[in-house]
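Residues are numbered in the numbering used here as their position in the sequence shown, beginning at 1, plus a constant of 558. Yeah, the Cβ is synthetic: ideal placement off N, Cα and C, and Gly gets one too. Have a look at the structure below, then the notes.
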Amino acid sequence: TPAMAEEGPYLGAGAVYNDPVSSDINDIKPAVGYDFKFGYNFGQFALEGNIIGSSHGDKLQGFGTADFSGFSLDARIFVSPFDDPNQFYFLVGLGSYSIDQFNPSYGDTTLNGSGFNFGVGLEHYLNERISLNVGVLYRIIKYDEFDAGGIAYSADIKGDTLSVETGLNFHF
Numbered sequence: 559t560p561a562m563a564e565e566g567p568y569l570g571a572g573a574v575y576n577d578p579v580s581s582d583i584n585d586i587k588p589a590v591g592y593d594f595k596f597g598y599n600f601g602q603f604a605l606e607g608n609i610i611g612s613s614h615g616d617k618l619q620g621f622g623t624a625d626f627s628g629f630s631l632d633a634r635i636f637v638s639p640f641d642d643p644n645q646f647y648f649l650v651g652l653g654s655y656s657i658d659q660f661n662p663s664y665g666d667t668t669l670n671g672s673g674f675n676f677g678v679g680l681e682h683y684l685n686e687r688i689s690l691n692v693g694v695l696y697r698i699i700k701y702d703e704f705d706a707g708g709i710a711y712s713a714d715i716k717g718d719t720l721s722v723e724t725g726l727n728f729h730f
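The structure is reproduced here in structure tokens:
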């Protein structure tokens, strides 16, 4: 059977490199984490849910690691012919994100916010059921809630993050 795009549901697992690029959170170091996907391929586009997470070191002394996590709902628009094993795509979506960190002044702190994702990628079909996915996403994130010691405050913190992901998708 030739390797080609497969319509229907899929699950994916892989790794993601998250680099916080916003000046508001530039004290957090880049890190590698997990990336899980679940979606449905309709042919020339797919809808997918994406769960990511990574644990980042901090450039400032006394701060604990910063745990970045998020969930997004994304649409992939494929630009390659459907029967091509190399499916290039554009991605757009919306997400919800958080950063949990120990802060010496406030104790355990959490930033919560939402954002818009856009990116490009390649899904290469190894066979009709397994594909290798590689993508680059830019996440425009605005953290609008800061929780310190169990008390929530309003915030306006830019948390843009560049993500590079790779993994395998399993099509059913």
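The beta strand (DSSP E) with Ile583 in it runs from where to where?
Per DSSP, Ile583 lies in no beta strand (DSSP E) segment and is marked neither H nor E.
Out of curiosity, what's the CA-to-CA distance linking Ser581 and Ser630?
Note on geometry: alpha-carbon atoms of Ser581 and Ser630 lie some 23 angstroms from one another.
For Asn670 versus Glu723, is the C-beta spacing smaller than 8 angstroms?
One thing to note: Asn670 has its Cβ no nearer than 8 angstroms to the Cβ of Glu723.
Give the range of the beta strand (DSSP E) segment to which Asp625 is assigned.
Its beta strand (DSSP E) spans residues 624-636.
Taking DSSP as the reference, what is the three-state secondary structure of Leu720?
Here Leu720 sits in strand by DSSP.
Please determine, among Val590, Asp632, Lys716, Ser627, the residue with the shortest C-alpha to C-alpha distance to Asn599.
Put simply, of Val590, Asp632, Lys716, Ser627 the residue whose alpha carbon is nearest the alpha carbon of Asn599 is Asp632.
Answer yes or no: do Tyr655 and Gly717 have a C-beta to C-beta separation smaller than 8 angstroms?
For Tyr655 and Gly717, yes; Cβs fall inside 8 angstroms.
Tyr598 by DSSP, collapsed to three states: which one?
Of the three classes helix, strand and coil, the one that applies to Tyr598 here is strand, per DSSP.
Go ahead and pull the three-state DSSP assignment for Ser663.
For Ser663, the three-state secondary structure derived from DSSP is coil.
Asp593 to Tyr575 span [Cα, whole Å]
Using only the alpha carbons, I get a separation of about 9 angstroms.
For Phe626, is the classification buried or exposed, using 16 other Cβ atoms within 10 angstroms of its Cβ as the cut-off for buried?
So Phe626 counts as buried.
CA nearest to the CA of Gly622, picked from Asp641, Lys587, Gly607, Ile635:
Just measuring C-alpha positions, the residue of Asp641, Lys587, Gly607, Ile635 sitting nearest Gly622 is Lys587.
Of all the options Asp577, Asp705, Leu680, which has the alpha carbon lying nearest to the alpha carbon of Ile635?
It is Leu680.
What do you get for Ile709, buried or exposed, if any count of 16 or more other CB atoms within 10 angstroms of its CB means buried?
By the neighbour-count criterion, in which 16 or more other beta carbons inside 10 Å mark a residue as buried, Ile709 falls on the exposed side.
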